[in-house]
């Protein structure tokens with residue numbers, strides 16, 4: 099019976115690779131295996147009686163309301179030309195330095211990550227706006243594409259991130275399940291806010307490592323990232339301070355309000371997401387971008403993304419229920435428990451599997467399919483839930499960059515000019531993949547990087 103769970107997982111994986119819709123693949127395959135299991139006597143259909151309760155739990159989960167609100171906030175900021183103004187202003191400010199445009203792209207990527215939390219939108223926006231400028235200024239194509247892809251994926255780890263919202267909900271359920279399996283009937287909880295707070299230091303660490311790499315390359319190979327001569331910007335130098343203030347202050351204030359309200363305990367992530375959505379509309383209105391056409395496009399995009407997320411969540415709920423009915427959780431527990439080295443070997447094995455799955459599966463699929471299976475097992479071994487959530491988020495971010503299937507590479511390839519070859523993009527992201535792995539190693543060695551700030555906030 100336990101191997102039926104393995105066959106179920108393998109069948110879903112194969113069908114996803116074949117390109118079938120994720121939500122219907124998860125639900126349809128699970129239902130097919132219930133028929134096979136019932137016919138062979140390996141599955142008790144009584145497990146399906148829990149499905150209505152699970153679906154009702156999804157419908158009434160207030161945390162998940164943050165998903166459409168944060169998506170609305172991100173899409174609205176994307177269409178209000180925030181990124182364009184930020185990039186132009188930062189390029190003026192840092193352009194006269196070697197590697198200055200690279201630093202500008204990284205900082206703007208960080209701000210967009212904290213504003214939108216949507217990787218695809220950030221990479222495409224940065225590719226359209228900054229890549230032509232970097233190439234025109236003599237930047238090496240590999241450096242340019244690597245910086246854009248890496249900074250664009252910061253939306254995976256820097257809050258408010260859609261990844262952290264979904265991951266926080268799944269980790270919370272897995273943590274409670276782990277405690278119940280251990281006989282703790284008054285379980286502690288971990289919230290999305292805990293993950294938001296825990297991701298602040300790792301996110302800033304990644305930004306710092308990116309910028310350090312850019313500075314080192316600019317010093318060692320200055321021809322790859324030349325400075326913009328000051329005289330070429332003389333006509334635009336006047337008023338740069340004012341331009342920085344006008345372009346930077348509004349989105350920065352919105353970020354501080356959204357994250358600050360969560361960190362200070364003044365608002366839940368859902369309430370902060372509502373503040374962010376209203377704030378994004380206010381910024382768009384101030385820039386005269388809150389037109390009927392823009393609002394219609396934003397609402398439709400939000401509805402499309404939200405529907406996709408919740409359909410996958412419903413399909414994943416049915417899949418995990420059937421997987422447990424076949425004894426899959428016991429199989430995973432047995433496989434991870436038999437690894438030499440205890441909990442850390444189990445974490446390493448899970449991280450490796452997620453990293454490889456990230457080549458071909460989206461973060462939503464991995465979050466809803468893999469984490470509910472392995473999460474309770476790892477957390478029952480004494481792993482800190484916040485630390486585990488941050489490690490998973492950075493791991494998924496790394497898989498976004500890794501050739502040949504990294505999603506960020508496809509996003510940039512789709513908007514890059516013909517002069518940029520795919521090999522340029524692949525070579526450009528390799529140093530940043532190493533930086534990502536270094537950051538993961540640092541957080542693994544010093545868990546306090548992820549757990550210290552949530553502890554202090556509590």
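Residue numbers (this note's numbering): 99 to 556. We put the beta carbon where it would ideally sit given N, CA and C, even for glycine.
Three-way DSSP call (helix, strand, coil) for residue i in this model
i: residue 365; result: coil
i: residue 387; result: coil
i: residue 473; result: helix
i: residue 514; result: coil
i: residue 483; result: helix
i: residue 542; result: helix
i: residue 127; result: helix
i: residue 555; result: helix
i: residue 141; result: coil
i: residue 280; result: coil
i: residue 336; result: In this prediction, residue 336 scores a pLDDT of 48, lower than 50, which makes its location untrustworthy; no coordinate-derived value is stated.
i: residue 288; result: coil
i: residue 330; result: With a pLDDT of only 48 at residue 330, under 50, the local geometry of the prediction cannot be trusted, and no value is derived from it.
i: residue 422; result: helix
i: residue 196; result: coil
i: residue 438; result: coil
i: residue 400; result: helix
i: residue 549; result: helix
i: residue 109; result: helix
i: residue 504; result: coil
Assumed close pair residue i, residue j - CB separation to whole angstroms, cut-off 8 Å
i: residue 325; j: residue 196; result: 5 Å
i: residue 466; j: residue 414; result: 3 Å
i: residue 425; j: residue 211; result: Their Cβ separation, rounded to whole angstroms, is 40 Å, which puts residue 425 and residue 211 out of contact at 8 Å.
i: residue 484; j: residue 288; result: 6 Å
i: residue 548; j: residue 488; result: 4 Å
i: residue 148; j: residue 367; result: About 27 Å separates the two Cβ atoms, so there is no contact after all.
i: residue 257; j: residue 381; result: 19 Å between Cβ atoms; not a contact.
i: residue 439; j: residue 241; result: In fact, because the Cβ distance is near 39 Å, the residues do not count as touching under 8 Å.
i: residue 530; j: residue 244; result: 6 Å
i: residue 293; j: residue 262; result: 5 Å
i: residue 269; j: residue 473; result: 6 Å
C-beta contact flag for residue i and residue j at 7 Å
i: residue 537; j: residue 153; result: no
i: residue 110; j: residue 127; result: yes
i: residue 477; j: residue 297; result: no
i: residue 184; j: residue 345; result: yes
i: residue 224; j: residue 246; result: yes
i: residue 173; j: residue 405; result: no
i: residue 509; j: residue 221; result: yes
i: residue 251; j: residue 517; result: no
i: residue 374; j: residue 171; result: yes
i: residue 493; j: residue 453; result: yes
i: residue 114; j: residue 123; result: yes
i: residue 295; j: residue 552; result: yes
i: residue 475; j: residue 420; result: no
i: residue 456; j: residue 418; result: no
i: residue 312; j: residue 200; result: yes
i: residue 162; j: residue 533; result: no
The alpha helix (DSSP H) enclosing residue i, as first and last residue numbers
i: residue 169; result: 164-177
i: residue 431; result: 426-435
i: residue 155; result: 149-157
i: residue 452; result: 441-455
i: residue 322; result: Unbroken run through residue 322: none, as it is neither H nor E.
i: residue 467; result: 461-467
Any non-hydrogen atom of the ligand PLP closer than 6 Å to residue i Cβ
i: residue 120; result: With respect to the ligand PLP, the structure shown offers nothing to examine, as it has no ligands at all.
Test: residue i CB closer than 7 Å to a CB of chain D
i: residue 272; result: Protein chain content of the structure displayed is limited to a single chain, and chain D is not contained in it.
Ordered list of alpha helix (DSSP H) runs contained in the segment 220-266, each at least 4 residues:
239-250
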